[in-house]
Amino acid sequence: MVSLLWNVPYFEITLRLFLAALLAGLIGWERERDNHPAGFRTHILVCVGSALIMLISVYGFGEFMNSPNVRFDPSRIGAQVVSGIGFLGAGTIIRQGVTVSGLTTAASLWVVAGIGLAVGAGFMFGAVLATALVLVSLEVLNRVDQWALRKNRLRVFTMEIEDQRGKLSELANAFVDLGGSVQKIDIKQYGVAKPNVKIQFTVMMNEEVKVEDLCDEIRTIDGVQSIQTE
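Going letter by letter, the sequence shown gives residues 990 to 1219 in the working numbering.
#1: On the three-state DSSP scale, how would you describe L1044?
#2: If you count every other CB in all the chains shown that lies within 10 Å of the CB of A1116, and 16 or more means buried, which is it?
#3: Note the first and the last residue of the continuous beta strand (DSSP E) segment covering K1199.
#4: For R1224, is the classification buried or exposed, using 16 other Cβ atoms within 10 angstroms of its Cβ as the cut-off for buried?
#5: My assumption, with CB atoms under 8 angstroms, is that V1192 sits in contact with R1144. Please give the rounded CB distance.
#6: Grab me the residues of A1010's own chain with a C-beta within less than 6 angstroms of its C-beta, minus the 5 sequence neighbours each way, in chain order.
#7: Does the beta-carbon distance from V1123 to S1097 come in below 8 angstroms?
#8: By the three-class DSSP mapping on this structure, what secondary structure does I1176 have?
#9: Where does T1147 fall in DSSP's three states?
#10: Check T1093 in the structure and name its three-state DSSP category.
#11: From this set, G1105, F1112, G1169 and V1100, which residue's C-alpha is nearest D1202's C-alpha?
#12: According to DSSP, simplified to helix, strand and coil, what is T1209?
#13: Tell me the DSSP bridge mates of F1190?
#14: Secondary structure at G1168, three-state DSSP: helix, strand or coil?
#15: Just confirm the distance between the C-beta atoms of D1225 and V1186, as a whole number of angstroms; I'd bet it's less than 8 angstroms.
#16: Who are the near neighbours of G1103 in its chain, counting only those whose CB is closer than 8 angstroms to its CB and skipping five residues on each side?
#17: How about L1008 and M1113: do their beta carbons lie closer than 8 angstroms?
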């Protein structure tokens, strides 16, 4: 007996795998552009792998379908992708103090796994529509969210500080004491030649606090070498 997979036209297999790579590439490019933990290549690999697993699950065991002792369930192998992708997504989540980042990227990996399964099963319309909705969510709604936050006086402070123990929490507490609410902390890069750290604080400002006055206060903290705001 011959597996059903060999009866699927090569064009159909090629189309599904390339479509999975294309759809995942669109989502991965958005993540790559913003320097998120999982980018272009990771999303493509997850989606193509999921599509291939679904192809095998649907068509790879046709030789056993006529056996009276075998119950054929094409969703069984594909279901393992949904639970297994959680381990990969967990690796993109980073916690820094009270700030957690990478949740959106982990969710996008989970979604592209679903898109890959849909493409592998031949549900092309659902895969394309899901990709469009994900791109709208990541790109358009992200801009709307940033615009709304700016209306609420969300400011980004970029500073270089000396690499000292406890300095990060000291600065975060300073923003709070001066009337701000720290929303996010990003450590962009570490100094190589000298022990300095470049950090971005995303802070929701109180309307009564002037940004210039806050920057002047932060500059007086020991170890702060420079501070800029957007």
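Glycine residues also receive a C-beta, built at the ideal position from the N, C-alpha and C atoms.
For this structure:
#1: By 1-based counting over the sequence shown, the position of residue 1044 is 55. It is helical.
#2: Residue 1116 sits at position 127 when you count from the first residue of the sequence shown. Flag for A1116 reads buried.
#3: Residue mapping note: residue 1199 aligns to position 210 of the sequence shown, counting from 1. Per DSSP, K1199 belongs to no beta strand (DSSP E) and is neither H nor E.
#4: Not covered by the structure: residue 1224. The range shown for the chain is 990 to 1219.
#5: Indexing the sequence shown from 1 puts residue 1192 at position 203. Indexing the sequence shown from 1 puts residue 1144 at position 155. Contact flag correct, Cβ pair sits at about 6 angstroms.
#6: As a first step, residue 1010 must be located in the sequence shown, where it is residue number 21. So the qualifying residues of the chain are I1033 and V1037.
#7: Here residue 1123 corresponds to residue number 134 of the sequence shown, with the count starting at 1. Here residue 1097 corresponds to residue number 108 of the sequence shown, with the count starting at 1. Yes; because the gap between Cβ atoms is below 8 angstroms, this pair is in contact.
#8: Numbered from its first residue, the sequence shown carries residue 1176 at position 187. Three-state DSSP puts I1176 in a strand.
#9: Taking the first residue of the sequence shown as 1, we reach residue 1147 at position 158. Of the three classes helix, strand and coil, the one that applies to T1147 here is strand, per DSSP.
#10: Within the sequence shown, residue 1093 is the residue found at index 104, counting from 1. Helix at T1093.
#11: Numbered from 1 along the sequence shown, position 213 holds the residue referred to as residue 1202. Answer by Cα proximity: G1169.
#12: Your numbering for residue 1209 matches position 220 in the sequence shown. Residue state, collapsed to three classes: coil.
#13: Position 201 of the sequence shown, counted from the start, is the residue given in the question as residue 1190. Beta-bridge pairing links F1190 to F1146 and I1174.
#14: In the sequence shown, residue 1168 corresponds to position 179, counting from 1. Three-state DSSP puts G1168 in coil, outside helix and strand.
#15: Given that the chain is displayed from residue 990 to residue 1219, the structure contains no residue 1225 and the question cannot be resolved.
#16: Indexing the sequence shown from 1 puts residue 1103 at position 114. If we look at G1103 and ignore the five residues flanking it on each side, its Cβ neighbours are S1039, V1071 and A1119.
#17: Here residue 1008 is taken as the residue at index 19 of the sequence shown, counted from 1. Here residue 1113 is taken as the residue at index 124 of the sequence shown, counted from 1. Taking 8 angstroms as the Cβ cut-off, L1008 and M1113 qualify as a contacting pair.
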